[in-house]
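Here is the structure we will look at, set down as structure tokens.
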Amino acid sequence: MTLYSRITGTGSYLPPRRVSNDELAQELAGRGIETSNEWIVERTGIHARHFVADGVNSSDLALEACRHALEAAGRSAAEVDLIIVATSTPDMVFPSSAAILQHKLGIAGCPAFDVQAVCSGFVYALTVADAMVRTGAAKCALVVGAEVFSRILDFNDRTTCVLFGDGAGAVVLEASDTPGILASDLHADGSHVGILCVPGHVSGGQVLGTPLLHMDGQAVFKLAVRVLEEAARATLAKAGKTEADIDWLIPHQANIRIMHGTAKKLKLGLDKVIVTVHEHGNTSAASIPLALDSAVRDGKVRTGDTVMLEGVGGGFTWGAVLLNL
Ligand code: UT7
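The opening position of the sequence shown corresponds to residue 847 in the numbering used here, with each subsequent residue numbered one higher.
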């Protein structure tokens, strides 16, 4: 019998502090930085983002998202035999946020590790988990995207600090005799390291270089639209499907213009694109599972639907996963 992996539950969590564009613009004005709700909405589609309180880390957000996902799947933490967390803002340099999450879930023993592929992290993590489930290495995996990007934002740089937020999303991925994950396609091109990075690192007890996010927005924008189309087509080809088979496109939630551009290239109606960026901004690895969970809970995306997940971000990294929910 062929072994497949299938998503059996989704969950997400946004920290309670919701910061509207107007509130952020007011805060930035106090620093002499000019921005506006109109600019942010028109250029990105973002209306608000959520920021964590002091002392709250990625694993805390991940824990809440996992609790919701486990509940939706009808599983207990004790049944989990693999944890993969996609994050670029881990709790510590080491150990992994996945190991910390495992302890917070009250379990021990199963493999737990982080995947670092920035905004493509969730599709990378899901692909790794799928491979492990299909080889029999795991039967019930938690795959999580969790970020606290507010900690790495330069609030003196209006071109980036209005774009990002904090949050987490999770899925339970289980072994199944019917196909869930149909195909995936992952890529990286390190020659673009400089257009989206946090260049600092820890050395001798100090941070060397800047530990804040730097992005050349226009360069990222152009690359993103191109590679998202390519990844979607490659994934469809691997699965023996066409654009017409896609019920829902759930792209990385960074900018509504990128999402609409991708849909147009794939000849998909905008009503087939799940958009949640307005509510949480760019939450990097958390954005896809946040959008997926929101769409499932809204009753839009249903069991049996064919869904294309697409991530793109720092590295440069990009990829897609096609699945039947
Ligand atoms: O998560 C990984 C994926 N990341 C992304 O997908 C991000 C991709 N990039 C983008 O989404 C867009 O490039 C941005 C939203 C970052 C910027 O939008 P844009 O349409 O490319 O704007 P721009 O950089 O061309 O800037 C246009 C103008 C500039 O002013 P001038 O030079 O025309 O006078 C900027 O200085 O807008 C100005 N500007 C702002 N104005 C008000 C830049 N940021 C702001 C701001 N508020 N926050």
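The C-beta atom is built at its ideal place from N, Cα and C for all residues, glycine as well.
Exposed unless 16 or more other CB atoms sit within 10 angstroms - verdict on residue i
i: arginine 877; result: exposed
i: glutamate 880; result: exposed
i: arginine 895; result: buried
i: valine 1048; result: exposed
i: leucine 1116; result: exposed
i: threonine 1024; result: exposed
i: glycine 982; result: exposed
i: asparagine 1101; result: buried
i: glycine 844; result: With the chain covering only 847 through 1171, there is no way to say anything about residue 844.
i: valine 1153; result: buried
i: methionine 938; result: exposed
i: glycine 1160; result: buried
i: valine 1039; result: exposed
i: aspartate 906; result: buried
i: histidine 914; result: buried
i: aspartate 960; result: buried
i: proline 862; result: exposed
i: glutamate 1156; result: buried
i: alanine 875; result: exposed
Beta strand (DSSP E) segment containing residue i, residue limits
i: alanine 932; result: 928 to 932
i: aspartate 1031; result: 1027 to 1034
i: histidine 1047; result: 1047 to 1049
i: methionine 938; result: First-last for methionine 938: undefined, no H or E at that position.
i: asparagine 1170; result: 1163 to 1170
i: arginine 895; result: 894 to 897
i: valine 1158; result: 1152 to 1159
i: glutamate 925; result: Premise fails: glutamate 925 is in no beta strand (DSSP E) and is neither H nor E.
i: serine 1130; result: That residue, serine 1130, is in no beta strand (DSSP E); it is neither H nor E in DSSP.
i: isoleucine 1096; result: 1094 to 1097
Residue range of the unbroken alpha helix (DSSP H) whose run includes residue i
i: aspartate 1139; result: 1133 to 1143
i: arginine 913; result: 904 to 919
i: leucine 988; result: No alpha helix (DSSP H) holds leucine 988; the beta strand (DSSP E) holding it covers 986 to 994.
i: arginine 1114; result: Note on identity: in this sequence residue 1114 is leucine, with arginine being the wrong assignment. Per DSSP, leucine 1114 belongs to no alpha helix (DSSP H) and is neither H nor E.
i: leucine 849; result: Note, leucine 849: premise wrong, no alpha helix (DSSP H); not H, not E.
i: histidine 1124; result: 1123 to 1126
i: isoleucine 886; result: 883 to 890
i: glutamine 1064; result: 1063 to 1085
i: glycine 967; result: 967 to 980
i: leucine 874; result: 867 to 875
i: threonine 1005; result: 1004 to 1007
Chain-order list of residues whose beta-carbon lies under 6 Å from that of residue i (same chain, five-residue window excluded)
i: valine 994; result: Val898, Ser904, Thr935, Asp1012
i: asparagine 883; result: Asn867, Asp868
i: valine 1053; result: Gly1046
i: aspartate 1111; result: Before going on, a small fix: residue 1111 reads as lysine here, not aspartate. Taken in chain order, the residues that qualify are Glu1075.
i: glutamate 910; result: Tyr859
Supposed close pair residue i, residue j - CB separation, criterion 8 Å
i: alanine 919; j: threonine 854; result: 4 Å
i: alanine 1029; j: lysine 1113; result: Rounded, the Cβ-Cβ distance is 19 Å, inconsistent with contact.
i: alanine 984; j: methionine 978; result: 5 Å
i: glycine 1015; j: leucine 1136; result: 4 Å
i: tyrosine 850; j: serine 1022; result: 5 Å
i: alanine 1131; j: valine 964; result: 7 Å
i: alanine 908; j: valine 931; result: 6 Å
i: leucine 1169; j: arginine 1148; result: That pair is no contact at about 13 Å.
i: leucine 1059; j: aspartate 1144; result: Leucine 1059 to aspartate 1144, Cβ: 30 Å. No contact.
Contacts around residue i, its chain only, beta-carbon distance under 7 Å, and the 5 residues preceding and following it disregarded
i: methionine 1105; result: Pro1097, Val1119, Val1121
i: aspartate 1031; result: Ala1077, Ala1080, Thr1081, Lys1084, Gly1165, Ala1166
i: isoleucine 946; result: Ser905, Asp937
i: serine 943; result: Ser904, Ser905, Ala908, Val931, Thr933, Pro936, Asp937, Asp960, Ala992
Beta-carbon contacts of residue i that lie in its chain and below 8 Å, excluding the five residues immediately before and after
i: valine 1073; result: His1033, Val1158, Phe1162, Trp1164
Within-7 Å CB hit, residue i to chain D
i: isoleucine 1092; result: Reference to chain D is not applicable here, since this structure consists of a single protein chain.
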